[in-house]
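Residues 1281 to 1484 (this note's numbering) are what the sequence shown spells out, left to right.
Reviewing the structure listed below.
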Amino acid sequence: MLIGMLRHGETEANRREIVQGRSDLYGLTREGESQIIQVANRVAEMKLPFKKIYSSPARRAKETAAILSSVLGLDVEYSEALWEMDFGDLEGLSYSEVYKRQDFPVMEKNFSRYRAPGGEHAQEVQQRVLSFLEILNEDVLVVSHAIAIASVLCWIKGLSLDYVWNQSVRNGHLYLIEKKDREYRLLDELTFFSKDADGNSLVK
């Protein structure tokens, strides 16, 4: 079974380096829309066998899924399990403000033990997304978020969540994952455009 995990396209918050998390103020920029149109067209050209799209209910993810649906002719279903990490009190802050916080070293170096103030623990994010993947039984395209996807990549690679930032899950990047007998294998990471919206940003 093939699972494609795709991060939503660029938002104004990505461009301005603002923590989004569960906040839902931003949709896609024109650049973000262009990114996803390119992704959708390439997925169609590659004839990847996706039967359905699952998406986070976030506005930025819904807009991404809508573009994919219109190009690929696939139905979309939304799941709360695919939301980004709840960053609690950090949401709406700029990255530079986050970097100055006393708890930032834990966030940066010991993410496996990190709980966002007023938000989720990193382990909770990983568990809810993995639990969602477990119930899938057909080839699907999943639209989600940076930390949600990176946590899955860490698990597949046998890495601690301390390595979540090293996964560099950028806007519009597609990860192809094989699921077989409840085991997962990363097949490929695909990017279909040259411009990355948020560079090496830490909070996505």
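Each residue gets a CB set at the ideal place from its N, CA and C atoms; glycine is no exception.
Quick caveat: nothing in here was measured; it's all calculated off a predicted structure.
Straight-line CA distance for residue i to residue j?
{"i": "F1384", "j": "E1463", "result": "34 angstroms"}
{"i": "Y1394", "j": "L1466", "result": "25 angstroms"}
{"i": "L1352", "j": "L1410", "result": "25 angstroms"}
{"i": "K1389", "j": "A1428", "result": "18 angstroms"}
{"i": "Q1406", "j": "S1440", "result": "11 angstroms"}
{"i": "R1340", "j": "A1320", "result": "16 angstroms"}
{"i": "G1399", "j": "K1332", "result": "30 angstroms"}
{"i": "G1452", "j": "A1426", "result": "10 angstroms"}
{"i": "G1479", "j": "A1293", "result": "Any reading at G1479 must be qualified, since the residue scores a pLDDT of 44, below 50, and its modelled position is unreliable; the value itself is stated next. Distance between the alpha carbons of G1479 and A1293: 13 angstroms."}
{"i": "W1363", "j": "S1349", "result": "19 angstroms"}
{"i": "L1354", "j": "E1404", "result": "30 angstroms"}
{"i": "E1313", "j": "T1344", "result": "7 angstroms"}
{"i": "Y1306", "j": "M1285", "result": "21 angstroms"}
{"i": "V1432", "j": "K1380", "result": "28 angstroms"}
{"i": "D1461", "j": "Q1382", "result": "43 angstroms"}
{"i": "R1271", "j": "K1342", "result": "This structure leaves residue 1271 out entirely; the chain is present only between 1281 and 1484."}
{"i": "G1438", "j": "R1408", "result": "17 angstroms"}
{"i": "E1311", "j": "Q1447", "result": "22 angstroms"}
Would you list the residues sitting across from residue i in a DSSP beta bridge?
{"i": "G1399", "result": "G1399 pairs with nothing; no bridge assigned."}
{"i": "D1355", "result": "Its beta-bridge partners do not exist; DSSP assigns none."}
{"i": "S1392", "result": "For S1392, which the question treats as bridged, DSSP gives no partner whatsoever."}
{"i": "S1374", "result": "I1298"}
{"i": "E1364", "result": "Paired residues: none, contrary to the question."}
{"i": "L1470", "result": "L1454"}
What does a CB cutoff of less than 7 angstroms around residue i pick up in its chain, not counting 5 residues either side in sequence?
{"i": "I1283", "result": "L1413, L1416, V1420, V1422, I1457, K1459"}
{"i": "R1322", "result": "F1472"}
{"i": "Q1315", "result": "G1289, E1290, N1451, G1452, F1473"}
{"i": "E1469", "result": "H1453, Y1455"}
{"i": "S1303", "result": "E1371, G1372"}
{"i": "V1378", "result": "V1299, L1370, F1384, V1483"}
Who are the near neighbours of residue i in its chain, counting only those whose CB is closer than 8 angstroms to its CB and skipping five residues on each side?
{"i": "A1324", "result": "V1351, L1352"}
{"i": "G1301", "result": "E1364, M1365, D1366, F1367, G1368, L1370, E1371, A1396, G1399"}
{"i": "H1436", "result": "In the sequence under discussion, the amino acid at residue 1436 is Ile, which differs from the His named in the question. These residues qualify, in order along the chain: I1457, Y1464, R1465, L1466."}
{"i": "W1445", "result": "E1388, F1391, A1430, L1482"}
{"i": "I1317", "result": "I1347, V1351"}
{"i": "E1418", "result": "M1281, K1331, K1332"}
{"i": "V1386", "result": "R1393, Y1394"}
Tell me which residues share the same chain as residue i and place their Cβ nearer than 6 angstroms to its Cβ, disregarding the 5 neighbours each side in the sequence.
{"i": "Y1443", "result": "C1434"}
{"i": "H1401", "result": "R1395"}
Any chance the segment 1328–1336 sits against the segment 1365–1372, with 3 or more Cβ pairs inside 8 angstroms?
-> no
Can at least three beta-carbon pairs, one atom from the segment 1313–1330 and one from the segment 1356–1365, be found at a separation below 8 angstroms?
-> no
Please specify which runs of the alpha helix (DSSP H), each continuous and at least 4 residues long, are wholly inside the segment 1381–1466, giving them in chain order.
-> 1384–1389, 1402–1414, 1426–1437
Every unbroken alpha helix (DSSP H) within the segment 1281–1309, with a cutoff of 4 residues, ordered by chain = 1292–1296
Contiguous alpha helix (DSSP H) assignments of at least 4 residues, all confined to the segment 1308–1340 | 1310–1326
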